[in-house]
Structure formats: C-alpha cells, structure tokens
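Read in order, the letters of the sequence shown correspond to residues 37 to 623 in my numbering.
Virtual Cβ for every residue (Gly too), placed ideally from N, Cα, C.
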Amino acid sequence: MSSPLPPSRLSGLFRRKNVSDLLVNPPVDLDMLATDSGSQSLERHLTVRDLTSLGIAAVIGAGIFSTIGNAAHDGGPAVSLLFVFTAIACAFSALCYAQFAATIPVSGSAYTYAYASFGELAAWIIGWALIMEYAVGNIVVAISWSDYFTGLMDGVGLHIPIWLTMGMQSAHRYYGEVLAIMQAGQPLSEATATQLLGYNAWNSAPELPGGLRLVIDLPAGLITLAITALVYIGIKESKNASNILVGLKLVVVAVVILVGAFYVKPENWSPFAPNGIGGVLKGVSAVFFAYIGFDAISTTAEECKNPQRDLPRAMIYALIICTILYVIVTLVLTGMVNYTELAVGDPLAYVFNKVGVEWLGGVVAVSAVFAMASVLLVFQIGQPRIWMTMSRDGLLPPVFARVHPKFRTPSFSTIVTGFFVGIPALLLNMDLVIDLTSIGTLFAFALVCGGILIIDPYGTSDARFKVPYINGQFLVPLILAICGVLVLMYNQDGIREFTRALGSYEEGRHYIPMLVFFGFCLGLSWLSFRKRLSLLPTLGLLTNLYLMTQLGLNNWLLFFGWLVIGLALYFNYGYKHSKLRLKHAQA
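See below:
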C-alpha cells in the first residue's frame with residue numbers, strides 16, 4: 037500500500053496562479069525557440085461580431101435541427117419554457133465566464149480560470165473534462181453530420197456505398213445481431229431497419245486480414261479533416277467561414293419561423309404541458325446539450341482585438357439570440373403539428389413535409405449540413421487552445437504549445453485534435469458521448485461559478501465586467517425553500533418514484549447524485565447565510581449541479597473513469613513538470 041503524499045506535495049496540488057502571472061502570458065514557444073517573441077504569438081483578428089457569430093455557430097446546431105423534436109414530444113409546447121429556464125441557468129454561468137474573461141483575457145477558458153481560483157489539480161481536472169466536452173463531443177457531431185450528408189446525397193440521387201457511411205464498430209455489432217436472428221431460425225423481418233443496414237454494410241465491404249471488413253464512416257472523417265485544415269490555416273480564415281455558415285443558418289431559421297407562422301394552429305398548444313412538469317423536465321439533458329458551446333469562445337481570448345470588452349458582450353449576446361430563436365422555433369413546431377408527432381430525428385423537415393411545404397423541408401435538410409459543420413468548427417478551434425495553455429504551464433509536453441510561424445495557430449495541438457476526433461468518427465459508435473459531454477461541460481460551468489465565489493465573493497473586483505453582487509444571505513435559503521415547496525406541490529409522481537426507489541439498492545443507487553445534491557444545497561444555504569455569498573454565482577453553481585444529477589449514474593461512473601485516467605497522466609507527467617511547482621521549488 038502506497039504511503040500518503042507528504043504535506044508539501046499536497047499543498048502543491050492546490051497552489052494557485054496569481055492573476056498578474058497569468059496576464060504576463062509569455063509567448064507559447066519561448067522555451068523552445070530563440071526567436072522574436074512577437075512572431076510566435078497568436079494573431080488578434082476577432083471582434084465582438086465575430087465572437088458572437090462563433091457562439092451562435094456552436095449553439096445553433098443539433099439542438100434546433102434534431103433534439104428539439106424529442107424534447108417537444110416529451111414536454112409539449114411547455115418545453116419552450118424549459119429553453120428559457122435552461123438559458124437562465126446558462127446565463128448564471130455566462131456572467132461568471134464573462135467576469136473571468138474580463139479579468140484574465142488569455143487562452144484556456146475554464147482551465148485557466150480554475151487555475152486562478154482553485155489551484156493546479158482542479159485546473160488539470162477541468163482541462164481533462166474540457167477534452168471530453170470539445171474533442172469527444174465533436175465525434176458525435178462528425179457522425180451526425182455524416183448522417184445528414186449521406187441522406188442529402190441520397191435525396192439528389194448520389195448514393196455513397198453503404199460500407200463508407202457507417203463505423204466498423206456499429207456494422208460489426210449489427211451484423212452479429214442479424215446473424216443471431218438467422219441462426220435462431222427467425223425471419224429477417226424480425227431485424228430492425230438499422231440492424232439490416234449494418235448487416236448489409238458488413239457483407240458488402242471489402243475484406244481485411246483477420247476476418248474484419250473495411251467499414252468506415254468516410255464523410256465523418258473527411259469533414260473532420262477539412263475543418264481541422266481550416267483551423268490549422270488560421271483564425272482569420274476560420275472566423276470568415278464561421279460568419280458565412282452562421283449567416284446561412286440564421287436566414288434558414290428566419291424563413292422557418294416566417295413560413296411556419298402561417299401554418300400554426302393555436303389549438304395544438306392546448307394542453308400546454310400535457311405531461312406535467314415531469315414531462316417538461318424529461319428534456320433537460322437534450323435542451324441543455326443544445327446550449328453547449330457558448331463557452332468555447334473564451335478559448336480565443338488571445339485572438340480577440342479587445343478581449344476584456346468583447347468576450348463578455350459576445351457570450352451574453354449569443355445566449356440571448358439563441359434563446360429567442362429556440363423559444364420561437366419550439367412554439368412554431370408545436371403549433372404546426374401536435375406535439376405527439378415530433379419524436380423524429382429531423383423535426384423541422386418533418387413538420388414542413390407534413391403540411392405540404394416540401395421545398396422548405398429540403399432547404400432545412402441542406403442547412404442542417406452547414407449547421408453541424410459550424411459546430412464542428414467552433415469546437416475544433418477551442419480544443420487545441422486548451423492543450424496549448426496546459427502545455428505552457430508544463431502540464432503537457434512542450435510540443436503542444438508550438439505555434440505555426442506563418443499561420444499563428446497552435447499547430448501540433450490542432451493536428452492532434454484532428455486525429456483525436458477523426459479516427460474514432462471513422463470507426464466507432466459513441467452512444468453515450470452526448471451525456472458524457474454534458475457532464476464535462478456542467479462540471480466546468482460549476483467550477484467557473486464556484487471560482488467567482490472564491491476570487492470575488494462580494495463583487496469588489498475592478499474588472500471591466502463583473503457579476504452584479506446581490507447578497508444571498510437570505511435569498512439562497514428562501515429560493516431553495518420555494519423550489520422545494522413547488523416540487524412537493526407539482527411533482528408528486530416524481531416524489532413517489534424517488535421514495536420507492538430508495539427502498540432498493542438496485543434502483544436507489546441511481547439517485548445517489550440527487551442525494552448528494554440535496555446535501556450540497558443544505559451546505560451552500562448555510563454557507564450563504566454565514567458568508568453572505570453573491571447570489572448569481574451561487575445559483576449558477578446549484579443549477580449546474582442539479583442538471584448533472586439528471587444525467588444518470590452510469591454516465592457519472594464513466595465520467596469518474598475518465599477523470600481517473602486523467603489523474604494518472606497528471607501525476608506521471610503534469611505534476612513533475614509543472615512550471616508553477618518548479619518555480620516555487622526554486623524559490
């Protein structure tokens with residue numbers, strides 16, 4: 037059994053970076069290249085318009101073209117209010133991100149903010165979680181883009197061979213399932229359409245040594261390659277592409293709203309919440325996933341012309357614009373057809389085909405391809421800059437901090453991100469990645485809100501933007517008490533299910549995150565009363581933790597497994613090479 041860490045080492049894990057040290061921001065290649073430092077810095081091209089565009093590019097994607105349908109099916113027209121609630125929850129986090137961006141205008145996003153507020157270990161954990169949010173989440177985006185693209189090609193008569201449109205893992209699994217059905221003497225009609233698709237893909241694919249077949253999702257790999265190349269070439273080119281893609285998306289969404297308004301039948305909005313509050317909250321995970329990405333623009337701080345002014349504005353602008361669009365589109369969708377018909381993968385195209393406006397359904401399908409590409413672009417921009425910042429601090433090898441001398445982008449990190457996303461997108465089926473991505477994002481949001489409570493608990497900062505201070509001494513306990521009363525009044529079914537599940541370990545273990553959350557609420561209420569904590573960051577912390585409890589125990593276990601791998605890397609490399617630790621050791 038290993039001995040415990042000595043006190044000096046334990047304290048080193050929580051050593052924080054001073055804001056003044058972070059603002060020095062040395063050139064990323066200073067330790068490796070004896071060249072003019074200015075030539076190795078990132079280029080500043082981004083304005084508030086470009087940053088807002090990047091935020092919209094990340095948020096208006098799969099949410100408005102796909103997940104909005106299932107959420108509306110579960111909650112009815114009232115799911116429009118869920119978008120407002122989720123936007124408010126995100127707004128608490130956005131305000132905290134905005135203050136950090138105004139205080140520490142350097143690359144790194146939540147990783148850098150955690151380093152300044154919680155210390156090195158928490159910063160590493162956040163950086164590792166952000167890999168899950170950006171890189172791993174992009175695998176799903178690439179696979180979804182491939183599905184939209186192949187469907188579009190089929191619609192115009194260009195058929196891509198089936199074995200080039202599916203990952204090897206999925207095809208092999210479906211092939212085995214169909215084979216088992218045949219061996220059991222059952223007809224092929226017992227197999228689902230997806231299983232037959234995988235079976236045919238495996239059968240028609242070229243053979244490889246070892247009994248494998250060449251089954252790859254080629255469109256997913258190619259779009260990842262193209263986006264990675266664009267990000268590698270430069271931030272100016274990337275922001276121009278983002279602005280064009282966002283312009284196209286906004287035009288299509290505006291047309292959807294204007295044309296759809298003529299087909300709205302108000303009777304479809306009654307009942308407004310057919311499945312009660314439980315049905316509305318069932319879509320929390322999907323609706324929150326629709327908002328993921330507005331924080332990604334904070335990774336571009338060193339490429340902004342005026343980051344302290346523009347980053348806070350852009351985050352808030354993007355959140356407001358996207359919320360308005362989500363609410364209006366939800367009301368239009370649920371007004372055009374009955375909510376029970378919306379459990380489809382392409383709800384926008386479906387409703388227009390249903391009311392006879394097939395041409396607009398086709399336009400929506402085309403625009404979805406551009407929408408997904410823009411999401412991929414923003415996350416591919418964000419991930420390399422996280423790695424670059426971690427490498428500057430010595431937590432990753434120095435090569436990750438390398439900046440291309442001509443393009444002024446984090447070159448090696450961008451290439452690694454391309455491989456990290458592209459190869460799994462070619463081969464794998466990532467069923468749980470959406471919820472894993474949500475956990476990683478919510479964890480980052482929670483720590484950013486908690487960070488504000490540490491570095492500026494009473495709103496006394498002199499940053500150009502700061503979270504308004506509202507004394508939470510009495511308001512936090514009062515708000516939590518009101519929420520508890522509302523749950524008792526309007527969610528009796530959920531309470532009965534909760535109490536019944538606690539009688540069995542097999543069912544009750546799935547409520548462990550919720551029980552921990554209840555304890556955290558009590559603790560934070562007491563702390564707010566004693567310390568007069570700022571209300572808005574406290575509410576942001578609580579709402580993010582609540583949303584995390586809705587993602588299921590299995591996803592929590594996978595998340596902890598991911599963190600264990602990250603901690604193993606940190607203690608084997610990052611801790612030993614930490615520049616902050618070495619600096620204090622020398623002192």
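- Between A93 and the rest of its own chain, which residues show a CB-CB distance below 7 angstroms, the 5 nearest in sequence each way excluded? Only S278, L281, V282, S410, V411, L413 and V414 meet the Cβ criterion.
Chain-order list of residues whose beta-carbon lies under 7 angstroms from that of Y505 (same chain, five-residue window excluded): Hits under 7 angstroms: Y494, G495 and S570.
- Query: Between L599 and the rest of its own chain, which residues show a CB-CB distance below 7 angstroms, the 5 nearest in sequence each way excluded?
  - Reply: Leaving aside the five residues that flank L599 on each side, the residues in its chain whose CB is nearer than 7 angstroms to its CB run, in chain order, I161 and W164.
- prompt: Among P348, Y526 and S153, which has the Cα closest to the Cα of R51?
  reply: Cα-wise, what sits closest to R51 is S153.
- Are L261 and G418 closer than 8 angstroms when you measure CB to CB? Their beta carbons are not under 8 angstroms apart, which means L261 does not touch G418 by this criterion.
*Return the Cβ separation of L49 and G155 in integer angstroms, given the expectation that the two are a contact with Cβ distance under 8 angstroms.*
Confirmed, about 7 angstroms.
ask   = Under three-state DSSP, which class holds N507?
value = DSSP places N507 in strand when its eight states are reduced to three.
CB G487 to CB A150, shorter than 8 angstroms?
-> Yes. Within cutoff.
### Task
Taking only the alpha-carbon atoms, compute the straight-line gap between A482 and E243 and give it to the nearest angstrom.
When rounded, the distance between both Cα atoms is 48 angstroms.
**Asked** Expressed to the nearest angstrom, what Euclidean distance is found between the alpha-carbon atoms of L605 and F510?
**Response** Spanning the two alpha carbons is a distance of roughly 43 angstroms.
Item checked: Spatial neighbours of W305 in its chain, beta-carbon cut-off 7 angstroms, leaving aside the 5 residues before and after -> Once the five neighbours on either side are set aside, the close Cβ partners of W305 are P113, T370 and G371.
With 16 as the cutoff for other CB atoms within 10 Å, does G559 come out buried or exposed? Sixteen is the threshold: since fewer than 16 other Cβ atoms of the shown chains lie within 10 Å of the Cβ of G559, the residue is exposed.
Would Y184 pass as a contact of V405 if the rule is Cβ separation under 8 angstroms? Cβ distance < 8 angstroms, so Y184 and V405 count as in contact.
*Comparing alpha-carbon positions, which option in C557, C485, G544 and L551 lies nearest Q135?*
Of the candidates C557, C485, G544 and L551, the one whose C-alpha sits nearest the C-alpha of Q135 is C485.
| said: I'd like to check one pair, S447 with V457: are the Cβ atoms closer than 8 angstroms? | reply: With respect to S447, V457 sits apart: the two C-beta atoms are not nearer than 8 angstroms.
Inter-residue Cα distance where the pair is L284 and F556: For L284 and F556, the distance between alpha carbons rounds to 44 angstroms.
- Query: What residue from I271, P255 and L618 has the CA that sits closest to S180's CA?
  - Reply: Residue P255 is the option with its Cα nearest to S180.
Worksheet item: If you run the structure through DSSP and keep just helix, strand and coil, what is D253?
Response: Note: D253 maps to strand in three-state DSSP.
Where does S497 sit, in a helix, a strand or coil, going by DSSP?
Note: S497 maps to coil in three-state DSSP.
Taking the alpha helix (DSSP H) that K390 falls in, what are its first and last residues? Run containing K390: P383 to K390, per the alpha helix (DSSP H) assignment.
According to DSSP, is S73 part of a helix, a strand, or is it coil? Bear in mind that a pLDDT of 41 at S73, under 50, signals an unreliable position, so the number given afterwards is only what the model happens to contain. Correct three-state label for S73: helix.
Could you round the C-beta distance between V400 and V323 to whole angstroms and report it? I think they count as a contact, below 8 angstroms. Going by Cβ atoms, the distance from V400 to V323 rounds to 20 angstroms, so no, they are not a contact pair.
Original post:
Just to confirm, are G314 and D529 a CB contact at a threshold of 8 angstroms?
Top reply: Closer than 8 angstroms, so yes.
> According to DSSP, is E243 helix, strand or coil?
Replying inline: Strand, per DSSP.
To the nearest angstrom, report how far apart D346 and L232 are at their CA atoms. Straight-line Cα distance between these residues: approximately 51 angstroms.
Query raised in the report: Hey, quick one: how far does the alpha helix (DSSP H) through G371 stretch, first residue to last?
Result: Here the alpha helix (DSSP H) through G371 covers P343 to M372.
| query | Do you know how far the Cα of V251 is from the Cα of T336? | reply | When rounded, the distance between both Cα atoms is 37 angstroms.
Q) Who pairs with C126 in a beta bridge, going by DSSP? A) Looking at the DSSP assignment, C126 forms no beta bridge with any residue, so it has no partner.
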